[in-house]
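Count along the sequence shown from 1, add 426, and you get the number used in our numbering. We treat Cβ as the ideally placed atom computed from N, Cα and C, and that holds for glycine. Predicted model, so just to flag it, every value in this text is computed and none were measured.
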Amino acid sequence: MILDDIDIRRLRYFLVVADEKHFTRAADRIGIRQPPLSMQIRQLEEAVGARLFTRHAKGVELTAAGRVFQDTALDIVGRFEDAVTQVRRHAAGQTGRLRLGFAGATYFHPAIPLIIRAYRSAYPDVVLSPEQSNTPALLAGLREGRLDVAFIRPPVLEDGLLSVRACLDEDMVVALPADHPLCDHDKLPLDAVAGENLILFPRDIGPGLYDSIVSACNEAGVSPKLGQEASQIVSIIPLVAAGFGVSIVPRSVASIRNEGAVYRPIAGKSPRAPIAIATRTDDHAKLVTSFVTSAVQTARSNAPGDFAPVLR
């Protein structure tokens, strides 16, 4: 008999016998017959090289060696059960670290905090590690395994490596300097920005949103007069406030308050600014799938009107 034969099952049998102080009662509690249980205990005693029980007519009592072994066995079994619980919780997506990416100004959308709060409430032991960047960089992070989930601006080139699921959508608004004559209008058709310097971000950091804005202008008969370029969407508003031009931004960006800038809804057909959730196609970890399911459910349970910031 070697120490490798001392498995968790035998330790559990030993602890039940020590608790019941009787082989027959212990066997009934475990759910096996008494002779096999007695054999397991004898083999355990042979493995440790000491008698663990003193047998007598009314049952058994722990020997001095048995009492020492009981303390260790309780610790080992307890640690093993804790380890199994932790592994099962991790496999169920209840623990671990989830690396989240947010493209551009997606985190300004009022639904995003609701999504995060709902998930954290349901999975309080999961650690969320957020990262903000542009859509192409986030997609690269997913492909390279540096991110688990990303909120991005579609469309995304289909390459079979990524799975993209629609999550949120919002209209766009015109951002104007506070002293601009167009501020007198409650709504603005897109052709109202004809001839204005249009402040946008570099196309390579948000091609989907960039193309949506330019296409909407073209459909309205406006050839955009591209002016000062902002490094990212959130940098547009200070430039607008400084009088460098006007811009067209997702409605949620209107939550950025700047005394020098105002926002106006677009009259007629407004370009859309969808937000999607991207993951790796081959990543079926419960941690990831649980987050995506929770995010989509939270987004669907809130009406679009709930996410409309007050424009001024």
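Going by C-alpha positions, residue 509 is about 18 Å away from residue 436. Counting only the Cα atoms, residue 565 lies some 29 Å from residue 513. Pairwise C-beta distances place the stretch 649-659 out of contact with the stretch 604-615, as fewer than three of them are shorter than 8 Å. According to DSSP, residue pairing for residue 555 in a beta bridge involves 525. The stretch 571-585 makes contact with the stretch 687-706, as at least three CB pairs between them are under 8 Å.
A Cβ-Cβ distance of about 49 Å is found for the pair residue 463 and residue 525, leaving them out of contact under the 8 Å criterion. Around the beta carbon of residue 482, a 10 Å sphere encloses fewer than 16 other beta carbons of the protein chains shown; the residue is thus reported as exposed. Of the other Cβ atoms in all chains shown, fewer than 16 fall within 10 Å of the Cβ of residue 710; this residue is therefore exposed.
Only residues of its own chain outside the window of five on either side were considered, and among them 604 and 667 have a CB closer than 8 Å to the CB of residue 685, listed in chain order.
DSSP, reduced to helix, strand and coil, places residue 577 within a strand of the structure shown.
Straight-line spacing of the CA atoms in residue 473 and residue 432 works out to 7 Å. Contact between residue 614 and residue 693 holds: their C-beta atoms lie close to 6 Å from each other, under 8 Å. The beta carbon of residue 485 sits closer than 7 Å to those of 447 and 448, all from its chain and outside the five residues before and after it, given in chain order. When 479, 497 and 498 are compared, the shortest CA-CA separation from residue 489 is found for 479. Nearest Cα to residue 621 within the set 672, 560 and 699: 672. DSSP places residue 644 inside the alpha helix (DSSP H), whose first and last residues are 633-645.
In the displayed model, residue 445 falls within a helix according to three-state DSSP.
Excluding residues up to 5 positions away in sequence, 608 lie with their Cβ nearer than 7 Å to the Cβ of residue 618 in the same chain. Ranked by Cα distance from residue 688, the first of 649, 669, 721 and 714 is 669. In this structure, the beta-carbon distance from residue 699 to residue 664 does not fall below 7 Å.
Note on residue 697: 16 or more other CB atoms within 10 angstroms of its CB, so buried under the neighbour-count rule.
Of the residues assessed, residue 553 falls on the exposed side of the cut-off, its CB having fewer than 16 other CB atoms within 10 angstroms. Per DSSP, the unbroken alpha helix (DSSP H) holding residue 498 starts and ends at 490-517. Beta-carbon to beta-carbon, residue 643 and residue 650 are separated by about 5 Å, close enough to satisfy the 8 Å threshold. Cβ-Cβ separation between residue 548 and residue 712: approximately 13 Å, too far for a contact (criterion under 8 Å).
Counting the other CB atoms within 10 Å of its CB gives residue 519 a total of 16 or more, which places it among the buried residues.
Residue range 479-482 is occupied by the beta strand (DSSP E) that includes residue 480.
Going by C-alpha positions, residue 445 is about 53 Å away from residue 527.
Note: residue 616 is not bridge-paired with any residue in the DSSP secondary-structure output. Close CB contacts of residue 487 within its chain, under the 6 Å cut and outside five residues either way in sequence, are with 480 (chain order).
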